[in-house]
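Peer 1: Questions regarding the structure given below will be posed in turn.
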Amino acid sequence: MIRTIAIALSGLLLLAGCSSTGGEDVAPQEVSVTNISVSDPGAYMDSQEQAFRDQLKDTGVTIIRTPKYIALIFPSSITFETDKYDIVPEFTPALDTIAALLRKYGATDIDVNGYTDSTGSDAYNLKLSQQRANAVAGAIIQRGVSPQRILPVGYGKADPVASNDTADGRAQNRRVEIRIAPPTAAGATAAAPVTAAPMAN
32 MIRTIAIALS GLLLLAGCSS TGGEDVAPQE VSVTNISVSD PGAYMDSQEQ AFRDQLKDTG
92 VTIIRTPKYI ALIFPSSITF ETDKYDIVPE FTPALDTIAA LLRKYGATDI DVNGYTDSTG
152 SDAYNLKLSQ QRANAVAGAI IQRGVSPQRI LPVGYGKADP VASNDTADGR AQNRRVEIRI
212 APPTAAGATA AAPVTAAPMA N
């Protein structure tokens, strides 16, 4: 139900993304081309995880596999300027790769979760985290991923993955996560934070 409500927002994000490029670019169509049957969700997710690991090396994106989903974690330091929600141009190649793989593995649902550290007011952090989640969702929609699959949500300072008492911990908490799940498991991914230690890309 929540994902359905988000479709209208995603459509607006797509229009906004097109306007930023002059409205001339046509988003690629989403076509699932993997030959692995979705009837074997374990193998389907295994194949997708390996593709992300192979193609996102040295991008700064952390990839974590849990029993329910694959998480792509973008530290804000490689994705946004301080207190901004416009994606920096340097992150465009990684977004291109991510969107291409999300189109290829089209049987998954996608939660785009934004998080901040504990600095600042709750209202400010919730707004910024939502704006950043919207920005990433809009970018992958612009690149041809179906908006019906995507739910962007900002959680502010909730679900920290490290202590907010240190600069390094706060940097880890300022992030956007794309959580990719089989359709039957989607929606459950937003509730639980990623707490596993990052695995090597």
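Adding 31 to a residue's 1-based position in the sequence shown gives its number in our numbering. Where a beta carbon is used, it is the ideal one built from N, C-alpha and C, also for glycine. This one's a predicted model, so the numbers in the text were calculated from it and none came from an experiment.
1) So valine 119 is in the beta strand (DSSP E); what residue range does that whole segment cover?
2) Secondary structure at valine 167, three-state DSSP: helix, strand or coil?
3) Could you pull the DSSP bridge partners for glycine 185 from this structure?
4) Would you give the residue range spanned by the alpha helix (DSSP H) that glutamate 208 belongs to?
5) Excluding the 5 residues flanking glutamine 161 on each side, which residues of the same chain have their C-beta closer than 8 Å to its C-beta?
6) Would DSSP call threonine 93 helix, strand or coil?
7) Using only alpha-carbon positions, find the residue among Val207, Arg96, Thr93 that is nearest to alanine 166.
8) Near arginine 210, which residues of its chain fall below 6 Å by C-beta distance, leaving aside the five closest residues on each side in sequence?
9) Would you grab the beta carbon distance between proline 213 and alanine 138 for me? Rounded to a whole angstrom, and I think it's under 8 Å.
10) Hey, alanine 170 and isoleucine 118 are a contact pair by Cβ (cut 8 Å); roughly how many whole angstroms apart?
11) Counting C-beta neighbours from all protein chains within 10 Å, is the total for proline 120 16 or more, i.e. buried, or is it exposed?
12) For leucine 103, write down the residues that DSSP places opposite it in a beta bridge.
13) From alanine 189 to aspartate 153, what distance separates their C-alpha atoms?
Peer 2: According to the structure data:
1) Taking the first residue of the sequence shown as 1, we reach residue 119 at position 88. No beta strand (DSSP E) holds valine 119; DSSP gives it neither H nor E.
2) Here residue 167 is taken as the residue at index 136 of the sequence shown, counted from 1. Reduced to three states, the DSSP call for valine 167 is helix.
3) Counted from its first residue, the sequence shown places residue 185 at position 154. According to DSSP, which records beta bridges pairwise, glycine 185 is partnered with Gly145.
4) Numbered from its first residue, the sequence shown carries residue 208 at position 177. That residue, glutamate 208, is in no alpha helix (DSSP H); its beta strand (DSSP E) goes 206 to 212.
5) Here residue 161 corresponds to residue number 130 of the sequence shown, with the count starting at 1. Once the five neighbours on either side are set aside, the close Cβ partners of glutamine 161 are Gly145, Pro183, Val184, Gly185.
6) Position 62 of the sequence shown, counted from the first residue, corresponds to residue 93. Three-state DSSP puts threonine 93 in a strand.
7) Taking the first residue of the sequence shown as 1, we reach residue 166 at position 135. Among Val207, Arg96, Thr93, the Cα nearest to that of alanine 166 is on Val207.
8) Within the sequence shown, numbered from 1, the residue matching residue 210 stands at position 179. Around arginine 210: Tyr100, Ala102, Asp142, Thr220.
9) Residue mapping note: residue 213 aligns to position 182 of the sequence shown, counting from 1. Residue mapping note: residue 138 aligns to position 107 of the sequence shown, counting from 1. With a Cβ gap of about 7 Å, proline 213 and alanine 138 count as contacting.
10) Position 139 of the sequence shown holds residue 170. Position 87 of the sequence shown holds residue 118. Indeed they touch by this definition, with Cβ atoms about 6 Å apart.
11) Translated into the one-based positions of the sequence shown, residue 120 becomes position 89. Its Cβ having fewer than 16 others within 10 Å, proline 120 is exposed.
12) Position 72 of the sequence shown, counted from the start, is the residue given in the question as residue 103. Beta-bridge pairing links leucine 103 to Ile94, Ile209.
13) Within the sequence shown, residue 189 is the residue found at index 158, counting from 1. Within the sequence shown, residue 153 is the residue found at index 122, counting from 1. Each residue's alpha carbon lies about 10 Å from the other.
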